[in-house]
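Trainee:
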Amino acid sequence: MSELFLQTRTSSSSDRVSAARTDERGSTTVSLALQIETPENVVLNYQLAGPAVRITAYIIDFLVRCGLLVAISIFLIVVGISISPYASMGAFLVFMFLLNWGYYIFCEGLFRGKTIGKHAMGLRVIQEQGYPLTFWSAVLRNLLREADALPGLFTGVGFGVYGVGFCSMFLTRNLQRVGDIAARTVVITERSVILPREPIILEKIQPLPHTEIGSYVPPPHFLSMIEQFLGRRFVLTHGRGHGLAGILAGSLAKRLEFRGDRNLVEQYPMAFLARVYVTFLHYQEDKEDEEHPDRLSPGIRRRHLMTTGELA
Amino acid sequence: MNKRQFVQQREPVWQHFQRLVRKLGRISVRKIPSRDVNEYSRLFREISNDLATVRSRGWGTELENYLNHLVSRGHGTFYTAPPGQLREVLGFLTSGFPRLLRANIWYFVTACVLFFGSGAMSWIVIQNEPELANRIIPESQLSGAKQMYAKRKPGEESGQNGGFGEQRTLMAGFYIYNNVGIALSCFARGVLLGVGTVYTLLFNGIYIGAVAGYVVTQADAERFLSFVIGHGSFELTAIAVAGMGGLMMGATLLHPGPRTRLQALRERGIDAVKIGIGAAVMLVIAALIEGFWSPANIPAVVKYIVGTLLWGVVILYLAVAGRGQ
Numbered sequence: 001m002s003e004l005f006l007q008t009r010t011s012s013s014s015d016r017v018s019a020a021r022t023d024e025r026g027s028t029t030v031s032l033a034l035q036i037e038t039p040e041n042v043v044l045n046y047q048l049a050g051p052a053v054r055i056t057a058y059i060i061d062f063l064v065r066c067g068l069l070v071a072i073s074i075f076l077i078v079v080g081i082s083i084s085p086y087a088s089m090g091a092f093l094v095f096m097f098l099l100n101w102g103y104y105i106f107c108e109g110l111f112r113g114k115t116i117g118k119h120a121m122g123l124r125v126i127q128e129q130g131y132p133l134t135f136w137s138a139v140l141r142n143l144l145r146e147a148d149a150l151p152g153l154f155t156g157v158g159f160g161v162y163g164v165g166f167c168s169m170f171l172t173r174n175l176q177r178v179g180d181i182a183a184r185t186v187v188i189t190e191r192s193v194i195l196p197r198e199p200i201i202l203e204k205i206q207p208l209p210h211t212e213i214g215s216y217v218p219p220p221h222f223l224s225m226i227e228q229f230l231g232r233r234f235v236l237t238h239g240r241g242h243g244l245a246g247i248l249a250g251s252l253a254k255r256l257e258f259r260g261d262r263n264l265v266e267q268y269p270m271a272f273l274a275r276v277y278v279t280f281l282h283y284q285e286d287k288e289d290e291e292h293p294d295r296l297s298p299g300i301r302r303r304h305l306m307t308t309g310e311l312a
Numbered sequence: 001m002n003k004r005q006f007v008q009q010r011e012p013v014w015q016h017f018q019r020l021v022r023k024l025g026r027i028s029v030r031k032i033p034s035r036d037v038n039e040y041s042r043l044f045r046e047i048s049n050d051l052a053t054v055r056s057r058g059w060g061t062e063l064e065n066y067l068n069h070l071v072s073r074g075h076g077t078f079y080t081a082p083p084g085q086l087r088e089v090l091g092f093l094t095s096g097f098p099r100l101l102r103a104n105i106w107y108f109v110t111a112c113v114l115f116f117g118s119g120a121m122s123w124i125v126i127q128n129e130p131e132l133a134n135r136i137i138p139e140s141q142l143s144g145a146k147q148m149y150a151k152r153k154p155g156e157e158s159g160q161n162g163g164f165g166e167q168r169t170l171m172a173g174f175y176i177y178n179n180v181g182i183a184l185s186c187f188a189r190g191v192l193l194g195v196g197t198v199y200t201l202l203f204n205g206i207y208i209g210a211v212a213g214y215v216v217t218q219a220d221a222e223r224f225l226s227f228v229i230g231h232g233s234f235e236l237t238a239i240a241v242a243g244m245g246g247l248m249m250g251a252t253l254l255h256p257g258p259r260t261r262l263q264a265l266r267e268r269g270i271d272a273v274k275i276g277i278g279a280a281v282m283l284v285i286a287a288l289i290e291g292f293w294s295p296a297n298i299p300a301v302v303k304y305i306v307g308t309l310l311w312g313v314v315i316l317y318l319a320v321a322g323r324g325q
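Respectively, the protein sequence lines represent chains B and R.
Letter by letter, the first sequence follows residues 1 to 312 in the working numbering.
Letter by letter, the second sequence follows residues 1 to 325 in the working numbering.
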């Protein structure tokens, strides 16, 4: 989803009140990125949850609550017939009250900011400062649900239209409804993340011979871009992947003053990119071992200066 | 060092940290061995450092996302709120709540004026001119109220009592569902600049006052008053308290002081919700009294004495509990 939005740097400590924000170039963008600076001086990135997933989570929770209500009704009808109808009706009303007002508080308080619906949609409520939801915040944000849910439809079963909530979400920068603002909470999307694997088996790929390339050295972030592209090459169809890689490979061959087989660049651009990657992977190590550029041979020194931007 | 070597070197540490986070998430804070705490805090800073390294060198978003996820999980575990304890709940009810109420006493006074003031007015008006009651309350509810508190005929007492006893649990459940719900939404709607709260307070004040005025003149006044006095102490006060919580939020939005309105709401929100929860607890007590004590077949004099005592308890609790700590 994040690809739909342009990401800009934001800071959670300031208190501007708009989901739209202005970036360095002066253009206004909408972003789901939330950045929180920890006491360790590390900026953590979170992905805010948009209205669509939150509605879905709400509907799932609503169905769960209805299911619980039906289950308890059946149980209490059975008990009521055999023991006391009035007592079981009283218990039913108490249960309905708890379900209306306590379901969210109970779930979010107990499961660290998750309800069943939020869990299904991969959402979690956290404090604005990044730490887990506290008890009083859970109580506050869920009691204020009543105000957010206005205009309420069928309030007897606790279902609302959330007109106030939506207006508030669209007016605040972190997509907070009124209850979120008061309780200082945000709803984020949580994804399970695994350590990325190496995209290619490096040992099987030949580096480009030094005689075939010039003195240009791609900067490290350029190499990691190639690495990520290769890592995600299965996402694209074969033709599309090669088409995209061809553009990059062509201009890269020009920058490198590549004098080898043109066929490699044109027919197998991905293989070419992989070979460029492997070539400079080892080159980088050599460079960083040498602390003083003065001691390098003239050719390498020129490359070094070019990467640091002194010679442009 | 390049990215590949970096990942190879650090990966075991990351895996270890992930296991540690999972382990610490499972056990209670008190049971975590000090060795783990030390190790955790060291690893957490190391991994924060790794994340900064990856970012500054531009080593790719996937690796960055992975470490970001790891650090945010660690951050959550490290700065987690202490688990709630029964002692804290009791502390809140015995001293925290009344102290908070006294610290914001003028909101309580305002809510009382709105609720009891409008109630008293409509009571006086309706008692003097009972025919005005149907302007406020639908005819069907009026006749229902009249029947409920109708003068007892001789010999009716025992027969009716059996039915009432059966219904007590139902009525207690209904009072919890209805009254606590009203109080909580009275509180919650305060966030809309206090308008919802003022409306709920006035509406309930006028309605309850009108019912009282009508029943006192048209039905058995003693039966009604002896029924109401017991739980009224908790119930009526709690409605005013819930309104107070709503007014605190409304007032902070209208008069934020040297802050933005949203900041002001953030600062006052938690205090307000504590008041709201205090009101809810009081209403649950009221519902139990209303369901089980108030309809009991006990001489009216006893009910008056107990009711007065309960009013004393509520006033003393709000005025004195938690002082001098």
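Every residue gets a Cβ at the ideal spot worked out from N, C-alpha and C, and that includes glycine.
1. Starting from R/TYR66, find everything on chain B with Cβ-Cβ shorter than 8 angstroms and list it in chain order.
2. What number of angstroms, rounded off, separates the C-alpha of B/GLY160 from the C-alpha of R/PRO33?
3. Residues in the same chain with beta-carbon distance under 8 angstroms from B/LEU273, minus the five sequence neighbours each way, listed in chain order, please.
4. Assuming R/TYR175 and R/ALA287 form a contact by the criterion Cβ under 8 angstroms, report the distance between their Cβ atoms to the nearest whole angstrom.
5. Run through chain B and tell me which residues come within less than 7 angstroms of R/LYS3, C-beta to C-beta.
6. With distances taken between CB atoms, is the gap from B/ILE188 to B/GLN47 smaller than 9 angstroms?
7. For a test of the three-state rule: what should DSSP assign to B/PHE258, helix, strand or coil?
8. With a cut-off of 9 angstroms, does the C-beta of B/MET96 fall near any C-beta of chain D?
9. Would you list, in chain order, the members of the stretch 259 to 279 of chain B that have their beta-carbon closer than 8 angstroms to a beta-carbon of chain R?
10. Would a C-beta distance cut-off of 9 angstroms place R/THR260 and R/ILE126 closer than the cut-off?
11. Cβ of R/HIS255 less than 9 angstroms from any chain B Cβ?
12. Rounded C-beta distance between R/ALA52 and B/VAL42? I'm assuming under 8 angstroms.
13. So the beta strand (DSSP E) R/VAL301 belongs to, where does it begin and stop?
14. How close, in whole Å, do the beta carbons of R/GLY58 and B/PRO196 come, if the pair is a contact with beta carbons under 8 angstroms?
15. Just verifying my parser: in three-state terms, what is the DSSP assignment at B/LEU48?
16. Do B/VAL139 and the ligand PLP come close, with the Cβ less than 8 angstroms from some heavy atom?
17. Can you pull the chain B residues whose beta carbon is under 7 angstroms from the beta carbon of R/LEU265, in chain order?
18. Does the Cβ of B/ASP61 have 16 or more other Cβ atoms within 10 Å, making it buried, or fewer, making it exposed?
19. Quick one: residues in its chain with C-beta nearer than 6 angstroms to the C-beta of R/PHE187, no 5 flanking neighbours on either side, listed in chain order?
20. Which stretch, first to last residue, makes up the beta strand (DSSP E) that contains B/ARG124?
21. Is the beta carbon of B/SER215 closer than 9 angstroms to that of B/THR185?
22. Apply the 10 Å Cβ neighbour rule to R/TRP106 and answer buried if 16 or more other Cβ atoms are within range, or exposed otherwise.
23. Looking at B/ARG65 and B/LEU99, is the spacing between their C-beta atoms short of 9 angstroms?
24. Which partner residues does R/GLN218 have in the DSSP bridge list?
25. Please report how far the alpha carbon of B/SER14 lies from the alpha carbon of B/LEU143, in whole angstroms.
26. Contact criterion: CB-CB distance below 9 angstroms. Does B/GLN129 meet it with respect to chain R?
27. Using CA coordinates, which residue listed in R/VAL71, R/LYS3, R/ILE27 and R/ARG26 is at the minimum distance from R/TRP14?
28. Say whether the stretch 58 to 69 of chain R touches the stretch 110 to 124 of chain R, bearing in mind that this needs 3 or more beta-carbon pairs closer than 8 angstroms, one atom from each stretch.
29. Anything in the stretch 266 to 278 of chain R with a Cβ closer than 9 angstroms to a Cβ of chain B? List those residues in chain order, please.
30. What span of residues does the alpha helix (DSSP H) with R/MET53 cover, start to end?
31. Strictly below 8 angstroms CB to CB, what residues from chain B border R/ALA188?
Mentor: Considering the structure as presented:
1. VAL193, ILE194, LEU195 and PRO196
2. 47 angstroms
3. ILE226, PHE229, LEU230, ALA245, LEU248, ALA249 and LEU252
4. 4 angstroms
5. SER224
6. yes
7. coil
8. The question asks about chain D, but that chain is absent: this structure's protein chains are B and R.
9. none
10. no
11. no
12. 6 angstroms
13. Run containing R/VAL301: none in the beta strand (DSSP E); it sits in the alpha helix (DSSP H), 300 to 320.
14. Incorrect: roughly 15 angstroms between the Cβ atoms, too far for contact.
15. strand
16. Absent from the structure shown: the ligand PLP. Ligands present: none.
17. ILE181 and ALA182
18. buried
19. ALA242, GLY245, GLY246 and GLY276
20. 123 to 127
21. no
22. exposed
23. yes
24. According to DSSP, which records beta bridges pairwise, R/GLN218 is partnered with nothing at all.
25. Unreliable placement is indicated for B/SER14, whose pLDDT of 38 sits below 50; the coordinate value is still reported in the next sentence. C-alpha separation (whole angstroms): 27 angstroms.
26. yes
27. R/VAL71
28. no
29. ARG266, ARG268, GLY269, ILE270, ALA272, VAL273, LYS274, GLY276 and ILE277
30. The sequence given here places Thr at residue 53 of chain R; Met does not occur at that position. Looking at the DSSP string, the run of the alpha helix (DSSP H) that includes R/THR53 is 34 to 57.
31. LEU143, LEU144, ARG145, GLU146 and ALA147
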